[in-house]
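The next block holds one structure in the form of structure tokens; read it before the comments.
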Ligand SMILES: *[C@@H]1O[C@H](CO)[C@@H](O)[C@H](O)[C@H]1NC(C)=O
Ligand SMILES: *[C@@H]1O[C@H](CO)[C@@H](O)[C@H](O)[C@H]1NC(C)=O
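See the structure below:
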């Protein structure tokens, strides 16, 4: 008997629950039917047609999917957040058993024709058909997720130390301000609550997002149109590219001046120079492979690599010229007076090429070569004259060699200064 009473009560309870749920469902269905019966979704839902409809608009970034320098397109994933009051979707909750909110598919109701102005893709499609939340006051809240491809003019001059600014410009395509007024819900862009959802891009780091509401007049129409523009500041993570491209370039360039310190007598200088040229061409090639070819903004790093190539070429040309100077020592010519004063005097001291030490070595070399003559006596005048002329010949040949040495050291210092300044300023 007790069991059957309990069973009966459970039965009644279940029936009651089912009937309330059914009543709720029925009420919501009635509400939808009533709301949509005479609804025209192409008409702006304002009570007074002369008034502007306020749409609160904002975005949240979910991911930076791609930054394509070649096509100059930024692909990102966003949550759009829009809310407005639809005068035709208001109801009294007490008429529907206290029902204060509902969801109606977006295709059945009016939605603002907000468009991404700098859209790079033909379609501006909402990723999934998010339902809007509708409150009894008529407030519609719609937060669709969307993948956008936007145009972004990349500036590659500072590659790979560049920071790119990309804009996302949203606005109503057809409604001017006096029909549809877009407003920002808050002054600053908010991302904090979505930080755990946000995916950083592998190559670019999102530094900041700035939002701005603009009002602009276009040629087509007399009214002003509102747009809300988000500016994303993205910084390239440089560690990888720096190590990969910059270091070989800097090392190759620092090796250039040392061509001037190699000895003249051998062909080492030329071999070294050609080695340098190959290394620099190779470093430039590596850079060329990595740098996005975006005309017409040439990265300054590209200019650095080209400058290295040019410096190598110049160094080789100068080396050959100085070898020519060195080889002058085998002829009878004298070092011209002004060259002697300038290079052997002033610059010689500056570059620490000691005149006398150098002379003695060369002179003793010369005398050793002529030991046969030395064993003979200096008795007659001819011999003395011959000795004098030989000494002057040795002297001038030593001077030629010394000149080549001074030029070498001078250009070593010059080139070293240039490559160090260039390497420091390219960072
Ligand atoms: C819709 O329009 C019809 C005819 O004009 C009217 O009879 C009906 O009451 C309206 N329905 C609602 C929910 O306003
Ligand atoms: C649009 O909204 C802005 C800011 O909320 C306001 O200053 C402006 O007067 C509004 N424009 C119209 C036409 O209502």
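Numbering (mature numbering (1 follows the signal peptide of the UniProt record, and there is no 0)), first residue to last: -23 to -1, 1 to 404. By construction, the Cβ of each residue, glycine as well, lies at the ideal position given by its N, Cα and C atoms.
Setting aside the 5 residues that flank it on each side, residue 189 is surrounded in the same chain by 206, each with a C-beta closer than 6 angstroms to its C-beta; the list follows chain order.
Taking C-beta atoms under 8 angstroms as the contact rule, residue 31 and residue 160 qualify, at a distance of about 6 angstroms. Taking 8 angstroms as the cut-off, the Cβ atoms of residue 122 and residue 132 do not count as close.
Counting C-beta pairs with one atom in each stretch, the region 251 to 271 and the region 190 to 205 have fewer than three that are closer than 8 angstroms, which means they do not touch.
The beta carbon of residue 393 sits closer than 6 angstroms to the beta carbons of 234 from its chain, once the five residues preceding and following it are set aside; these are given in chain order. For residue 231, the closest of 155, 87 and 250 by C-alpha to C-alpha distance is 250. Not one heavy atom of ligand 2 sits closer than 7 angstroms to the Cβ of residue 200. Within the same chain, 39 come within 7 angstroms of residue 174 by CB-CB distance, once the 5 residues on both sides are set aside. Annotation: residue 110 to residue 70 spans about 15 angstroms, alpha carbon to alpha carbon. Under the criterion of beta carbons closer than 8 angstroms, residue 261 and residue 286 qualify as touching, at roughly 6 angstroms. DSSP places residue 94 outside both helix and strand once states are collapsed to three, so it counts as coil. In this structure, residue 156 sits away from residue 87, with a CB-CB distance that is not shorter than 8 angstroms. Counting only runs that start and end inside the region 250 to 323, the alpha helix (DSSP H) elements of at least 4 residues fall at 277 to 304. Taking the Cα positions, residue 293 is about 58 angstroms away from residue 169.
Sequence-distant Cβ neighbours of residue 258 in its own chain, meaning closer than 7 angstroms and more than five residues away, are 286.
Of all alpha-carbon atoms in 50, 55, 119 and 385, the one lying nearest the alpha-carbon of residue 81 is that of 119. Judged by DSSP secondary structure, residue 379 falls within the alpha helix (DSSP H) whose first and last residues are 358 to 402. Residue ranges of uninterrupted beta strand (DSSP E) with 3 or more members, entirely inside the region 9 to 92 and ordered along the chain, are 30 to 45, 50 to 62 and 78 to 80. By the C-beta criterion, the region 355 to 367 is judged not to be in contact with the region 290 to 304, since fewer than 3 inter-stretch pairs fall below 8 angstroms.
Three or more pairs of CB atoms, one per stretch, sit closer than 8 angstroms, so the region 210 to 226 contacts the region 174 to 183. Residue 46 places its beta carbon less than 8 angstroms from that of residue 269.
Its chain contains 12, 111 and 115 as the residues whose beta carbon lies nearer than 6 angstroms to that of residue 66, once the 5 sequence neighbours on both sides are disregarded; these appear in chain order.
Around the beta-carbon of residue 85, fewer than 16 other beta-carbon atoms lie within 10 Å, marking it exposed.
Note: residue 166 is not bridge-paired with any residue in the DSSP secondary-structure output. Relative to the non-hydrogen atoms of ligand 2, the Cβ of residue 165 never comes closer than 7 angstroms to any of them.
The three-state reading of DSSP puts residue 210 in strand, counting E and B together. For residue 280, the number of other beta carbons within 10 angstroms of its own is below 16, and it is reported as exposed. When secondary structure is reduced to three states using DSSP, residue 156 falls in the coil class, being assigned neither helix nor strand. At a cut-off of 7 angstroms, the beta-carbon of residue 29 counts as near ligand 2: some heavy atom of the ligand is closer than that.
Distances from the CB of residue 151 to the heavy atoms of ligand 2 are all 7 angstroms or more. Taking 7 angstroms as the cut-off, one finds no heavy atom of ligand 2 near enough to the beta carbon of residue 191. Distances between the C-beta of residue 155 and the heavy atoms of ligand 2 include at least one below 7 angstroms. Boundaries of the beta strand (DSSP E) harbouring residue 143: 140 to 149, taken from the DSSP string.
A straight line joining the alpha-carbon of residue 61 with that of residue 50 spans about 31 angstroms. Of the candidates 83, 254, 403 and 191, 403 places its Cα closest to the Cα of residue 222.
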